[in-house]
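Read the sequence shown against my numbering and you will find it ends at 625, with the numbers running on by one and no gaps.
The beta-carbon is built from N, C-alpha and C at its ideal position, and this holds for glycine as well.
Right, one structure below, let's go through it.
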Amino acid sequence: MSNRLNFNIVGSGPTGILLSIALSKLDLNIYLTDFLTREQLIYQDKTYAITHSTRKILDKFRIWNKLKPYLYGFDKLSISDSVTSSFTTLNVSDLDKDISAENNIGWVVKHSDLMNVFFLELDNHSNIFFNTPQNISTEKFIFDYKFISTGANPINKKSFKFLYFRKSYNQSCLTFKVLLRGNLERCAYEIFREEGPLALLPLNKNLYQIIWTSSTSKSIDRLNTDKSFLMDNLSTILPDYFKLDEMIGEVNVFPVSLSLNLSIFNSKRFVFVGDSFHSFHPVGGQGLNTCWRDVNNIFDMLNEKSFISTDKLKFFKFKYYLNRFIDILFTLVITDSLITFFANRNYLLIPLRKISFILLNKKSFIRQIVLNQMTKSIIYKTIK
242 MSNRLNFNIV
252 GSGPTGILLS
262 IALSKLDLNI
272 YLTDFLTREQ
282 LIYQDKTYAI
292 THSTRKILDK
302 FRIWNKLKPY
312 LYGFDKLSIS
322 DSVTSSFTTL
332 NVSDLDKDIS
342 AENNIGWVVK
352 HSDLMNVFFL
362 ELDNHSNIFF
372 NTPQNISTEK
382 FIFDYKFIST
392 GANPINKKSF
402 KFLYFRKSYN
412 QSCLTFKVLL
422 RGNLERCAYE
432 IFREEGPLAL
442 LPLNKNLYQI
452 IWTSSTSKSI
462 DRLNTDKSFL
472 MDNLSTILPD
482 YFKLDEMIGE
492 VNVFPVSLSL
502 NLSIFNSKRF
512 VFVGDSFHSF
522 HPVGGQGLNT
532 CWRDVNNIFD
542 MLNEKSFIST
552 DKLKFFKFKY
562 YLNRFIDILF
572 TLVITDSLIT
582 FFANRNYLLI
592 PLRKISFILL
602 NKKSFIRQIV
612 LNQMTKSIIY
622 KTIK
């Protein structure tokens with residue numbers, strides 16, 4: 242144990258804990274830290290969309306089959322533009338042949354189910370140590386490398402020199418669950434609206450996670466209203482064929498922004514990972530999937546024997562940021578362009594928006610390009 246390198250992963254959300262599981266497969270000691278307890282980390286009311294690139298990553302780390310019982314797959318994706326009254330539906334038949342056999346465009350999982358599976362997997366590894374930061378500092382550990390995975394607003398940023406870019410959309414997302422009727426079974430929905438996109442992710446036949454983007458002021462006003470008024474408000478903007486029955490659980494709100502953080506000007510041995518490294522608008526459900534592609538890249542780099550040494554690790558951060566740059570930049574540009582293009586009532590853009598849906602409905606190869614890029618990402622073939 243004393244001959245192993247000691248790595249510290251700060252932040253035990255879905256990204257930090259998957260990184261600890263991945264790196265535990267190498268000859269390392271992994272110290273996973275968080276201010277929250279295990280129970281607090283597990284029981285949060287969140288939902289995630291999972292893509293085919295993520296499926297491949299989780300399968301690589303032998304977690305996919307353990308998570309499968311908790312996943313709800315969807316085989317249709319309905320995309321509509323409320324301003325132009327345009328719509329299209331993407332299907333499994335639009336997927337590339339190498340992934341169409343899965344019979345799902347993507348999957349949806351509850352945060353609590355995901356984290357329960359992750360923590361059970363973590364318990365199976367004797368070289369992962371879950372601690373509070375206070376315990377780590379008391380024992381005075383010296384770490385060979387540190388990975389910061391504390392979310393979109395990491396508390397550690399002020400103590401580090403880094404390149405930081407941020408764009409605020411002045412938007413926030415309301416999230417809550419509803420029971421509804423009139424939906425297509427196993428179908429996810431993305432509805433572009435003037436004030437921001439509205440996503441509906443299926444959790445079972447009639448239970449959906451609502452991700453409702455609008456201006457921050459409107460989101461806060463809706464958060465502070467009673468549930469019946471919020472349901473009435475939602476019913477006025479959903480398509481007529483939806484019938485809302487009941488709201489399940491609590492309403493949560495989180496801010497929306499685009500950010501990129503690079504610690505390239507600091508000689509200290511640490512890197513940002515996941516939302517601490519980059520954050521995007523939630524349109525398209527790319528956030529967590531991109532975070533886990535960070536994990537995959539870190540594992541692949543450290544799995545090269547040349548990097549598992551104190552001397553070689555000083556070059557790690559530069560190669561890591563360089564490797565991840567194209568995928569992150571591509572995701573950043575696509576998500577930001579979707580909001581710029583569709584979340585408004587710019588009359589100059591309306592003809593182009595109509596044309597885009599006409600092409601989606603008439604040209605199958607365009608549907609295939611759009612859908613496969615969303616669910617596979619540009620690095621799919623490099624995941625081994």
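Same chain, Cβ closer than 8 Å to residue i, neighbours up to 5 away in sequence not counted
i: Phe521; result: Leu499, Gln527, Gly528, Thr531, Thr572, Leu573, Thr576 and Asp577
i: Phe483; result: Leu421, Arg422, Gly423, Asn424 and Ser476
i: Lys312; result: Rather than Lys, the amino acid found at residue 312 in this sequence is Leu. Result list for Leu312: Ile291, Trp348, Val349 and Val350, in chain order.
i: Asn372; result: Tyr272, Leu273 and Thr274
i: Ile596; result: none
i: Lys399; result: Annotation note: pLDDT 49 at Lys399 (below 50); position unreliable, no value reported.
i: Leu448; result: Lys418, Val419, Leu420 and Ile489
Top-ranked residue by Cα proximity to residue i, from the options
i: Ile620; options: Leu570, Gly254 and Lys595; result: Leu570
i: Lys446; options: Phe315, Ser469, Leu308 and Phe582; result: Phe315
i: Arg463; options: Phe417, Asp552 and Asp354; result: Phe417
i: Ile432; options: Leu593, Asn249, Val524 and Pro310; result: Val524
i: Leu442; options: Leu355, Lys317 and Ser390; result: Lys317
i: Tyr588; options: Ile258, Thr325, Leu277 and Thr256; result: Thr325
i: Arg565; options: Ile539, Ile580, Ser469 and Asn474; result: Ile539
i: Lys408; options: Gly490, Asn465 and Asn502; result: Asn502
i: Glu435; options: Leu579, Leu260 and Thr278; result: Leu579
i: Lys625; options: Gly490, Arg279, Thr295 and Thr278; result: Thr295
i: Leu590; options: Leu299, Asp322, Ser504 and Gly392; result: Asp322
i: Lys553; options: Arg510, Tyr562 and Gly515; result: Arg510
i: Asn306; options: Glu362, Phe518, Ser605 and Tyr410; result: Glu362
i: Pro592; options: Ala393, Ser327 and Leu471; result: Ser327
Rounded C-alpha distance that separates residue i from residue j
i: Leu246; j: Asp385; result: 6 Å
i: Ile461; j: Ile383; result: 44 Å
i: Asp337; j: Gln609; result: 7 Å
i: Met615; j: Trp533; result: 15 Å
i: Asn444; j: Pro480; result: Reading off the sequence, residue 444 comes out as Leu, not Asn. Taking the straight line from one Cα to the other gives about 19 Å.
i: Asn537; j: Ile262; result: 11 Å
i: Arg600; j: His293; result: One point to set straight first is that residue 600 is Leu, not Arg, in the sequence displayed. Their Cα atoms are separated by approximately 25 Å.
i: Phe582; j: Ser367; result: 49 Å
i: Asp486; j: Ser456; result: 26 Å
i: Pro496; j: Leu415; result: 9 Å
i: Arg279; j: Phe370; result: 12 Å
i: Lys555; j: Arg303; result: 30 Å
i: Asn474; j: Ile567; result: 40 Å
i: Lys301; j: Asn365; result: 17 Å
i: Phe559; j: Ile505; result: 7 Å
Buried or exposed by the 16-neighbour rule on C-beta atoms within 10 Å, applied to residue i
i: Asn613; result: buried
i: Tyr405; result: exposed
i: Ser413; result: buried
i: Gly437; result: buried
Own chain partners of residue i with C-beta closer than 6 Å, once the 5 adjacent residues on each side are dropped
i: Lys622; result: none
i: Ser253; result: Leu273, Asp275 and Leu282
i: Asn249; result: Tyr272, Phe384 and Lys387
i: Asn397; result: Unreliable placement is indicated for Asn397, whose pLDDT of 49 sits below 50; the coordinate value is still reported in the next sentence. Counting only Cβ-Cβ distances below 6 Å, and skipping sequence neighbours, we find Ile389.
i: Ile258; result: Phe359
i: Thr329; result: Ile320, Phe598, Leu601 and Asn602
i: Ala440; result: Glu431 and Ile452
i: Asp354; result: Tyr311
Contact with chain C by residue i, beta-carbon distance below 9 Å
i: Thr466; result: Although the question refers to chain C, the structure presented lacks it and comprises just one protein chain.
Is the segment 329-341 touching the segment 280-289, taking contact as three or more C-beta pairs under 8 Å? Counting C-beta pairs with one atom in each stretch, the segment 329-341 and the segment 280-289 have fewer than three that are closer than 8 Å, which means they do not touch.
Three Cβ pairs or more, each shorter than 8 Å: is that satisfied between the segment 259-274 and the segment 537-547? yes
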